[in-house]
Ligand code: SF4
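Numbering (our numbering), first residue to last: 20 to 229.
In structure tokens:
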């Protein structure tokens, strides 16, 4: 369609070239505008297929973007902090997006992370987000996660457990797993890691295995 419009404008330009210089200038500018719009649209659709984030909706932040830099939240009241991969405005709500490019399925920890962002957004943006999005895998599967009371209670339980570990010196239980430990960032320094412990050592450490 755009090609046809461009061709029609070029043809018109050829016919009018000897008629009016101002008109020719106008047509040239129109052609340039079409080319720019075309390039921008192409770039946006490429970005969308790469990130799974709809670039046509108002966007507050995108991780790694120069135009709309990432936005971090730090709540001393809640003892929570987080930086969503992107934040958009949808239906009048500020909505967090978390991208997991290697994920094949929804994991509890992804949902928990998104729920934390929703809490932070509620505190700092003044309105409770009714949902957030997870963008999963290389094909950018978009999953809407609703911010329900039940899910927030589940999150609160986990936060309470973590705070009890921190405040009361309760020991955390390691849950090593060959696949998890292989990809884990702290594997080199973790004494429970599957990568450098034997079954005997893990038994001696009384590790709960996942
Ligand atoms: S290396 Fe340690 S922290 Fe990482 S997954 Fe394994 S047990 Fe957990």
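Every residue gets a Cβ at the ideal spot worked out from N, C-alpha and C, and that includes glycine.
- Query: Helix, strand or coil: how does DSSP classify residue 8 here?
  - Reply: What is shown of the chain runs 20 to 229, which leaves residue 8 out entirely.
- Task: Determine the DSSP secondary structure at residue 161, reduced to helix, strand or coil.
- Result: Three-state result, residue 161: strand.
- Task: Could you tell me the boundaries of the beta strand (DSSP E) in which residue 109 lies?
- Result: Per DSSP, residue 109 belongs to the beta strand (DSSP E) from 105-109.
- Task: Look at residue 113 and residue 164 and say whether their C-beta atoms are less than 7 angstroms apart.
- Result: Going by C-beta atoms, residue 113 is not nearer than 7 angstroms to residue 164.
- What does a CB cutoff of less than 7 angstroms around residue 93 pick up in its chain, not counting 5 residues either side in sequence? For residue 93, where only same-chain residues beyond five positions count, the Cβ hits under 7 angstroms are 100.
- Task: Could you tell me whether the region 194-214 touches the region 157-173, where touching means 3 or more Cβ pairs closer than 8 angstroms?
- Result: Pairwise C-beta distances place the region 194-214 out of contact with the region 157-173, as fewer than three of them are shorter than 8 angstroms.
- Assigned exposure category for residue 3 - 16 Cβ within 10 Å defines buried: As displayed, the chain neither begins before 20 nor continues past 229, which places residue 3 out of reach and without an answer.
- Return yes when the C-beta of residue 202 is under 6 angstroms from any heavy atom of the ligand SF4, and no when it is not. The closest heavy atom of the ligand SF4 lies 6 angstroms or more from the beta carbon of residue 202.
- In whole angstroms, what separates the C-alpha of residue 102 from that of residue 220? Per the coordinates, the alpha-carbon of residue 102 lies some 37 angstroms from the alpha-carbon of residue 220.
- Within 10 angstroms of its Cβ, does residue 214 collect 16 or more other Cβ (buried), or is it exposed? Exposed.
- Task: Look at the alpha carbon of residue 106 and the alpha carbon of residue 141, and state the distance between them as a whole number of angstroms.
- Result: Spanning the two alpha carbons is a distance of roughly 13 angstroms.
- Query: Is residue 118 closer than 7 angstroms to residue 104 when the C-beta atoms are compared?
  - Reply: The answer is yes: Cβ separation under 7 angstroms.
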